[in-house]
Amino acid sequence: MLKNDSQILEYNFGEWLIFGPISAPLTICGLIGNGLTLQTLHQKGLSSMTSNIFLKTLTLADGALLLSYFVSFCIPMLVPSNVATWMEESGIYPVIYPIALTAQTIGVYTVVVFSIIRYVTISHPLRRNACRTRKKARILIGAIVSFSILFNVPRVFEYLSIPLKPANCSSISEHEGCSYEMRNLGSVHLYVSIYRSYAYTFGIFVVPVSIVAVLNARLAIILHRIRFRFGDGHIQHRGPSGGTPMTWPTVRKNMAASMHHSASGLDVTSGWDQASLEDVPIGSSEASGTNTVKDKSQCKNRSRSNPYYRPVIDRGIQYKRHRIQVTARLFCLVTVFTAFQTFPMIDNLLLHFCDDWVQSTFPNYNIFYALCQFSVMLNASVNTVLYCFLGRRFRREFLKVLHRQKKCIRAYLLLLRC
Numbered sequence: 001m002l003k004n005d006s007q008i009l010e011y012n013f014g015e016w017l018i019f020g021p022i023s024a025p026l027t028i029c030g031l032i033g034n035g036l037t038l039q040t041l042h043q044k045g046l047s048s049m050t051s052n053i054f055l056k057t058l059t060l061a062d063g064a065l066l067l068s069y070f071v072s073f074c075i076p077m078l079v080p081s082n083v084a085t086w087m088e089e090s091g092i093y094p095v096i097y098p099i100a101l102t103a104q105t106i107g108v109y110t111v112v113v114f115s116i117i118r119y120v121t122i123s124h125p126l127r128r129n130a131c132r133t134r135k136k137a138r139i140l141i142g143a144i145v146s147f148s149i150l151f152n153v154p155r156v157f158e159y160l161s162i163p164l165k166p167a168n169c170s171s172i173s174e175h176e177g178c179s180y181e182m183r184n185l186g187s188v189h190l191y192v193s194i195y196r197s198y199a200y201t202f203g204i205f206v207v208p209v210s211i212v213a214v215l216n217a218r219l220a221i222i223l224h225r226i227r228f229r230f231g232d233g234h235i236q237h238r239g240p241s242g243g244t245p246m247t248w249p250t251v252r253k254n255m256a257a258s259m260h261h262s263a264s265g266l267d268v269t270s271g272w273d274q275a276s277l278e279d280v281p282i283g284s285s286e287a288s289g290t291n292t293v294k295d296k297s298q299c300k301n302r303s304r305s306n307p308y309y310r311p312v313i314d315r316g317i318q319y320k321r322h323r324i325q326v327t328a329r330l331f332c333l334v335t336v337f338t339a340f341q342t343f344p345m346i347d348n349l350l351l352h353f354c355d356d357w358v359q360s361t362f363p364n365y366n367i368f369y370a371l372c373q374f375s376v377m378l379n380a381s382v383n384t385v386l387y388c389f390l391g392r393r394f395r396r397e398f399l400k401v402l403h404r405q406k407k408c409i410r411a412y413l414l415l416l417r418c
């Protein structure tokens with residue numbers, strides 16, 4: 001299908017709009033966010049976490065991918081044409097191309113492995129200590145990095161000319177009229193049909209997205225079950241005899257009634273110190289009888305005006321609420337990853353298996369390709385932010401880092417003013 005000048009101008013403007021004014025600020029913000037995230041992950045309060053190793057790897061991979069995206073797509077759209085031509089002829093793209101794809105592979109499989117470990121931690125709590133050790137995390141990261149480098153080694157030779165023997169030649173001797181010719185792997189049909197069409201498309205997109213989609217479905221089921229059983233308004237407690245379960249509002253009503261009718265209440269004026277409060281039994285089993293239940297009700301019936309009062313925390317309920325939060329957090333992260341990786345997966349499947357049909361049916365397919373690359377960039381920009389900002393401890397450390405950076409910037413501006 002032929003394109004007139006207005007169509008070509010429209011397509012070029014669409015690509016320029018996506019890769020230029022829209023992508024450039026988001027890429028810069030993503031690089032700054034990944035830099036601050038990496039600095040935050042090196043703080044003392046977070047460096048001891050096992051997940052810190054995965055998050056650092058993910059941050060570095062996303063940072064390398066964003067930098068490659070900015071140099072390959074954003075700068076050529078924003079600089080004059082002679083500068084873009086010089087960049088294309090200087091040989092910078094054959095160097096950036098394998099680095100960007102290696103970083104993308106590391107980021108994708110880091111997310112997949114980290115999601116599997118979190119899923120095992122949530123669905124099989126007894127196995128979480130076996131999965132969440134720093135030694136095993138380092139081994140997994142080393143395996144991911146090694147696999148990513150080996151998987152993308154052929155990308156180096158896609159634009160680098162290497163001597164290849166012609167297909168119609170059975171000898172390599174120049175005297176017999178047969179010699180090697182300089183070709184790159186990108187022009188070899190066998191390489192394109194095997195590596196690009198199947199290995200890259202299925203290894204980077206189809207298999208990881210399928211694994212993460214299955215995990216997402218399982219997480220949705222687990223989250224629904226946990227919220228149904230242990231929701232805030234329907235937390236069940238066993239009665240003193242271990243019989244009919246009571247909901248939390250019923251327990252509160254019984255506690256209020258016992259407080260109103262009890263004539264042997266404890267003396268509120270004799271304040272409790274910290275040590276006596278620590279000795280209160282928490283999360284006792286049903287075999288302890290009615291004394292534990294009575295002690296709990298007496299502790300909860302104490303007046304809130306007492307400055308030393310500290311309510312008894314049910315560790316079982318606290319763990320279940322924490323499990324709900326972790327499951328919802330991982331469900332959100334997996335959903336975002338699946339949404340951002342679906343469009344590039346569709347793009348690769350269409351280009352490698354339905355190329356002729358795509359070119360004849362969708363004349364403005366370049367716009368969709370630009371949107372797919374923009375989706376990869378956006379995923380790298382918000383990936384680490386989502387993984388880290390959903391945690392309370394990271395937010396606290398991140399605010400400390402921002403406060404220090406603010407002081408440094410202010411001192412630097414004062415020096416410049418002097």
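Residue numbers (UniProt numbering): 1 to 418. Where a beta carbon is used, it is the ideal one built from N, C-alpha and C, also for glycine.
Beta-carbon separation of residue i and residue j under 8 Å?
{"i": "Met77", "j": "Trp16", "result": "yes"}
{"i": "Arg155", "j": "Pro98", "result": "yes"}
{"i": "residue 421", "j": "Phe151", "result": "Any answer about residue 421 is impossible in this case: the structure gives the chain only from 1 up to 418."}
{"i": "Phe389", "j": "Asn216", "result": "no"}
{"i": "Ile194", "j": "Val112", "result": "no"}
{"i": "Thr201", "j": "His352", "result": "yes"}
{"i": "Phe398", "j": "Thr40", "result": "yes"}
{"i": "Cys74", "j": "Gly20", "result": "yes"}
Take residue i and list the residues in its own chain whose beta-carbon comes closer than 6 Å to its own, dropping the five residues that flank it on each side.
{"i": "Ala137", "result": "Thr50 and Ile53"}
{"i": "Phe114", "result": "Phe54"}
{"i": "Ile33", "result": "With the sequence shown as reference, residue 33 is identified as Gly, and Ile is not the correct amino acid for it. Val385, listed in sequence order."}
{"i": "Ser148", "result": "Thr102, Thr105 and Ile106"}
{"i": "Tyr365", "result": "Val358"}
{"i": "Ile367", "result": "Gly14"}
State buried or exposed for residue i, treating a residue as buried only when at least 16 other CB atoms are found within 10 Å of its CB.
{"i": "Gly30", "result": "buried"}
{"i": "Leu402", "result": "exposed"}
{"i": "Cys354", "result": "exposed"}
{"i": "Ala143", "result": "exposed"}
{"i": "Val214", "result": "exposed"}
{"i": "Gln405", "result": "exposed"}
{"i": "Tyr198", "result": "exposed"}
{"i": "Thr37", "result": "buried"}
{"i": "Thr361", "result": "exposed"}
Residues in the same chain with beta-carbon distance under 7 Å from residue i, minus the five sequence neighbours each way, listed in chain order, please.
{"i": "Ala328", "result": "Leu223"}
{"i": "Lys253", "result": "Reliability fails at Lys253, whose pLDDT of 48 lies under 50, so the model's placement of it is uncertain and the value that follows must be treated cautiously. If we look at Lys253 and ignore the five residues flanking it on each side, it has no Cβ neighbours."}
{"i": "Arg393", "result": "Gly45 and Leu46"}
{"i": "Leu333", "result": "Leu386 and Tyr387"}
{"i": "Leu371", "result": "Ile18 and Phe343"}
{"i": "Phe205", "result": "Gln341, Pro344, Met345 and Asn348"}
{"i": "Thr85", "result": "none"}
{"i": "Tyr369", "result": "Asp347"}
{"i": "Arg134", "result": "Thr50 and Ile53"}
{"i": "His189", "result": "none"}
Just verifying my parser: in three-state terms, what is the DSSP assignment at residue i?
{"i": "Phe362", "result": "coil"}
{"i": "Leu390", "result": "coil"}
{"i": "Val206", "result": "helix"}
{"i": "Asn379", "result": "helix"}
{"i": "Val385", "result": "helix"}
{"i": "Val188", "result": "coil"}
{"i": "Cys354", "result": "coil"}
{"i": "Leu17", "result": "helix"}
Can you name, in chain order, every residue of its own chain whose Cβ lies under 8 Å from the Cβ of residue i, other than the five neighbours on each side?
{"i": "Tyr69", "result": "Ser23, Thr27, Ala100, Gln373, Val376, Met377 and Ala380"}
{"i": "Gly107", "result": "Leu58, Ala61, Asp62, Leu65, Ala380 and Asn383"}
{"i": "Phe157", "result": "Asn184 and Leu185"}
{"i": "Ile141", "result": "Ile53, Phe54, Thr57 and Thr110"}
{"i": "Arg218", "result": "Tyr119 and Ser123"}
{"i": "residue 435", "result": "Residue 435 cannot be examined here, being either before or after the span of the chain that is shown, 1 to 418."}
{"i": "Ile116", "result": "Ile211 and Leu215"}
{"i": "Glu174", "result": "In this prediction, Glu174 has a pLDDT of 46, which is less than 50 and means its spatial position is unreliable; nothing more can be read from the coordinates."}
{"i": "Leu67", "result": "Leu31"}
{"i": "Phe13", "result": "none"}
Jot down the residue ranges of each uninterrupted beta strand (DSSP E) in the segment 89–166, minimum 3 residues, whole runs only, in chain order.
162–164
Would you mind listing the alpha helix (DSSP H) stretches within the segment 20–82 that are 4+ residues and don't spill past its ends, in chain order?
23–41, 44–47, 51–69 and 75–78
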